[in-house]
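Report on the structure given below.
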Amino acid sequence: MKRIPLLLLLAASAATLVALPSWWLSSRPDTSAGSLDGLSLEGPMPAAAPRQPWLGLPLAAREPRVVVPVRRARVKDIPRRKHPVPISLRIPALDVEAPVVPVGVDRETREMELPPDNATAAWYRYGASPGGEGSAVIAGHVDYGEGQAVFFRLAELEPGNRMVVGYGDGSTAVFRVVARRLVGKDELPARIFSTRGRPLLTLVTCGGAYDAARRHYLGNTLVFAVPV
Amino acid sequence: MRRLLALLATGAVASLAIAGLAQAAQVTVVHGVPDLAVDVYVNDELTLEDFKYETITDPLDLPAGTYKIDIRAAGDPPTAKPALSGSATVADDTNASIVAHLDESGKPTLTVFVNDTSTVKAGDARLTVRHTAAAPAVDVLANGSPLFTNLANPDEQSADVAAGTYSAAVAATGTTEPVIGPVDLDLEAGTGYTVYAVGSLADDNLKVIVQTTSGLGGSPSGVPSGTVGLAATSSAFPLWAIVLLSAAGIGIVTSGLALARTRR
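Chains as they are written, first to last, in our numbering: chain Z, 1 to 228; chain W, 1001 to 1264.
Structure (structure tokens):
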């Protein structure tokens, strides 16, 4: 063989060996983006609301007496959580505009219920309300039935993207994406359902590898957004 | 006031102990004695003034220890003989309720209940019923069927139930004719509802008062949000890339050997 073609073959082979793996590594979608600074999903739940001081020690000393809060306790006095109900979600970056319905849990599996369609997002009504204290969860299918669903492109959201939540009372609130994560289904942080802590809107869909035999994904894509 | 005088005569003393293990206890004080406004003294300190029937305190931090509790008619001087006295030993990390109520025979008494603040499953609420009324054993009916049966003063029964609205009633045990209610209870997920039956059957003033504890909710076990696999990302190296890399390897070896040969 001639020397030049051999050199060319050598160069092409070497280039392929170097370039292909690096291309493969860079072509895989980012499974995480942004910072969860101050939004830790690890560790214990945040402490409950500050407790009322009552009997400061020493008790014998005649210190100024703390007024103990007292309230009526009839059935009609039972406190109720009042929170605005989200009814729509718009994500301009993904061309998503979807109705949001309130859902609970499946009584058997205790999994969050999702509406059996590919166009509706679901708000976990036993948790926080978007914009209120704690992490509100709005979930949607990534795909359903025969095709793509409302959160098909959720993993494309990047920090800085905005979304708009519409509420039943006609008001709206804007949220800004701060982070995105892909977590294994068995690593879904319980904290995303917390009704305590700073206001956070957590969007959830399926992602990662797909188990065709069991017809389910092995992970969840999480997008965290804060009120603007 | 009749009961207060009766108490003064008997000098009722209750000894109370709150079980628990380890820094501060949380204590809720519940007033379930009809028509008796009181002042509550803790270790001789006036702590609750003019504490009225059907009211409860917020949960209060209480350092572990044993406390002397004296209850006097509202406005009585601190030197007056207490209507009801007792001591409560509170241990660390305990959530308890101290309840002033009538015993089955109608005499005021103090009972300490330990509150279950463990997490409930996602979508559940915890319903606890405490019999603190001057009445025989009762059944508690939810939507017409018995939820708790044969509950006697001063006992409690508890269950975690699906969040929602229940028509609740209290009937003499073995019967379904309500002596209290029915009342609609809207139970929110993640909240504990502690219902005290109070008052007196003989005086025809039975009713319920309710203490709530929020923040007990568990998390859903998962979010099943995809069934097709269209968005699947695979971490496996594609087969065609493996073939191409193998070819490149063979290319390097063969071209290298051939080049070495041409040099000779």
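All C-beta atoms, glycine included, are put in the ideal place defined by N, C-alpha and C.
Based on the DSSP secondary-structure assignment, which residues constitute the bridge partners of residue 1156 (chain W)? W:1130
Do the region 1051-1070 of chain W and the region 1022-1041 of chain W make contact, defined as three or more Cβ pairs closer than 8 Å? yes
Within chain W, partners of residue 133 (chain Z) - CB distance below 7 Å: Chain W residues near residue 133 (chain Z): none, gap ~11 Å exceeds 7 Å.
Taking 8 Å as the threshold (beta carbon to beta carbon), is residue 1058 (chain W) in contact with chain Z? yes
Under 8 Å, CB to CB, which of the residues in the region 138-156 of chain Z have a partner in chain W? 139, 140, 141, 142, 143, 144, 145, 146, 147, 148, 149, 151, 152 and 155
Using a cut-off of 9 Å between C-beta atoms, extract the partners of residue 161 (chain Z) located in chain W. Chain W residues near residue 161 (chain Z): none, gap ~18 Å exceeds 9 Å.
Roughly how many angstroms separate the alpha carbons of residue 146 (chain Z) and residue 1229 (chain W), rounded to a whole number? 10 Å
What are the residues in the region 68-99 of chain Z lying within 8 Å of chain W by C-beta distance? 68, 69, 70, 71, 72, 73, 74, 75, 77, 78, 79, 80 and 81
For residue 1029 (chain W), the three-state DSSP class (helix, strand or coil): strand
Residues in the same chain with beta-carbon distance under 8 Å from residue 218 (chain Z), minus the five sequence neighbours each way, listed in chain order, please. 184, 185, 208, 209, 210 and 211
Within 8 Å, strictly: CB atoms of residue 1161 (chain W) and residue 1148 (chain W): no
Would you verify that the beta carbon of residue 24 (chain Z) is, or is not, closer than 8 Å to some beta carbon of chain W? yes
Residue of Z:109, Z:149 and Z:83 minimising C-alpha distance to residue 126 (chain Z): Z:83
Contacting positions in the region 1203-1234 of chain W - beta carbon closer than 7 Å to chain Z: 1208, 1209, 1210, 1211, 1212, 1215, 1217, 1219, 1220, 1221, 1222, 1223, 1224, 1225, 1226, 1227, 1228, 1229, 1230, 1231, 1232, 1233 and 1234
Grouping DSSP H, G and I as helix and E and B as strand, with all else coil, what is residue 1121 (chain W)? coil
Going by alpha carbons, who is nearest to residue 1159 (chain W) out of W:1134, W:1037, W:1190 and W:1175? W:1190
Applying the criterion that 16 or more other CB atoms from any shown protein chain within 10 Å of the CB defines a buried residue, is residue 7 (chain Z) buried or exposed? exposed
Quick one: is residue 13 (chain Z) near chain W, going by C-beta distance under 8 Å? yes
Below 8 Å on the Cβ atoms is my contact criterion, and I expect residue 1220 (chain W) with residue 163 (chain Z) to pass it. Report the Cβ-Cβ distance as a whole number of Å. Going by Cβ atoms, the distance from residue 1220 (chain W) to residue 163 (chain Z) rounds to 22 Å, so no, they are not a contact pair.
Local conformation of residue 1068 (chain W) per DSSP, three classes: strand
CB-CB under 6 Å to residue 63 (chain Z), same chain, minus the five flanking residues each way: which ones, in chain order? Only weak support is given to the placement of residue 63 (chain Z): the predicted model assigns it a pLDDT of 46, under 50, and the value that follows is read from those uncertain coordinates. No residues qualify anywhere along the chain.
Closer than 9 Å, Cβ to any Cβ of chain W: which residues of the region 189-207 of chain Z, in chain order? 189, 190, 191, 192, 193, 194, 195, 196, 204, 205, 206 and 207
So, does the CB of residue 111 (chain Z) fall closer than 8 Å to a CB anywhere in chain W? yes
State yes or no: is the beta carbon of residue 164 (chain Z) nearer than 8 Å to at least one beta carbon in chain B? Looking for chain B here will not work: the only protein chains present are Z and W.
For residue 128 (chain Z), which residues from the same chain have a beta carbon less than 7 Å from its beta carbon, with the 5 sequence-adjacent residues on both sides left out? 134, 135, 136 and 195
Can you check whether the C-beta of residue 1251 (chain W) is within less than 8 Å of a C-beta belonging to chain Z? yes
Give the C-beta separation of residue 1085 (chain W) and residue 1070 (chain W) to the nearest angstrom, bearing in mind that I take them to be a contact with Cβ-Cβ under 8 Å. 5 Å
For the structure I just gave you, are there three or more beta carbon pairs, one from the region 1031-1044 of chain W and one from the region 74-91 of chain Z, closer than 8 Å? no
Tell me which residues share the same chain as residue 114 (chain Z) and place their Cβ nearer than 8 Å to its Cβ, disregarding the 5 neighbours each side in the sequence. 103, 122, 139, 140 and 141
Endpoints, beta strand (DSSP E) assigned at residue 1207 (chain W): 1207-1213
With DSSP as the reference, label residue 87 (chain Z) as helix, strand or coil. strand
Quick check on residue 193 (chain Z): does DSSP put it in helix, strand or coil? helix
Are any of the Cβ atoms in chain W nearer than 8 Å to that of residue 20 (chain Z)? yes
Proximal residues of chain Z, C-beta to C-beta of residue 1081 (chain W) below 9 Å: By Cβ distance, chain Z contributes nothing, its closest Cβ being about 21 Å from residue 1081 (chain W), past 9 Å.
Pop quiz: residue 1181 (chain W) and residue 1216 (chain W) are said to be a contact at Cβ under 8 Å. What is the actual Cβ separation, rounded to whole angstroms? Contact doesn't hold; Cβ gap of about 24 Å is too wide.
Tell me whether residue 202 (chain Z) sits in a helix, a strand or coil according to DSSP, three-state version. strand
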